[in-house]
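Counting with the numbering used here, you get residues 60 to 146 for the letters of the sequence shown.
Ideal placement from N, C-alpha and C gives every residue a C-beta, glycine not left out.
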Amino acid sequence: MQPVQPEQDPVLWHSIASDCALKRQASSCSGLSQNEASVRLAKYGENRLPQTAKRSDFIRFLLHFHNILIYVLLACTVVTAALEHWV
Numbered sequence: 060m061q062p063v064q065p066e067q068d069p070v071l072w073h074s075i076a077s078d079c080a081l082k083r084q085a086s087s088c089s090g091l092s093q094n095e096a097s098v099r100l101a102k103y104g105e106n107r108l109p110q111t112a113k114r115s116d117f118i119r120f121l122l123h124f125h126n127i128l129i130y131v132l133l134a135c136t137v138v139t140a141a142l143e144h145w146v
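Dropping the structure here:
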């Protein structure tokens with residue numbers, strides 16, 4: 060599998076007619092032929108996102124609090140406790 064090189068003049072696929080887009084991709088309304096699908100699979104590889112490392116549920120929970128506003132609130136809590144200004 061080879062990395063795909065970006066086109067020099069990228070096509071704005073959303074702005075061209077569907078029959079023109081199908082022709083440019085060498086496809087049809089019924090999809091790719093079995094032979095063409097095999098060729099593209101060998102050339103480009105499977106259409107999958109790369110796998111990332113799994114995070115534990117606990118780490119994912121803690122990452123919800125990784126925010127500057129949370130840190131400000133925690134700092135305010137420490138200052139309030141230091142001043143013994145209880146509600």
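**Request:** Specify the secondary structure class of Lys102 as computed by DSSP and reduced to three states.
**Result:** helix
**Message:** At the level of alpha carbons, what is the spacing between Ala140 and Leu132?
**Reply:** 12 Å
**Request:** State the DSSP-derived secondary structure class of Thr148, mapped to helix, strand or coil.
**Result:** Examination of residue 148 is not possible in this model, given that the chain is present from 60 through 146 alone.
**Message:** Would Trp72 and Ala80 be called neighbours here (beta carbons separated by less than 7 Å)?
**Reply:** yes
**Request:** Please check if any C-beta of chain C sits within less than 7 Å of the C-beta of Gln84.
**Result:** The structure shown contains no chain C, having only a single protein chain.
**Message:** Spatial neighbours of Glu143 within its chain, please: C-beta separation below 8 Å, excluding the five flanking residues on both sides.
**Reply:** none
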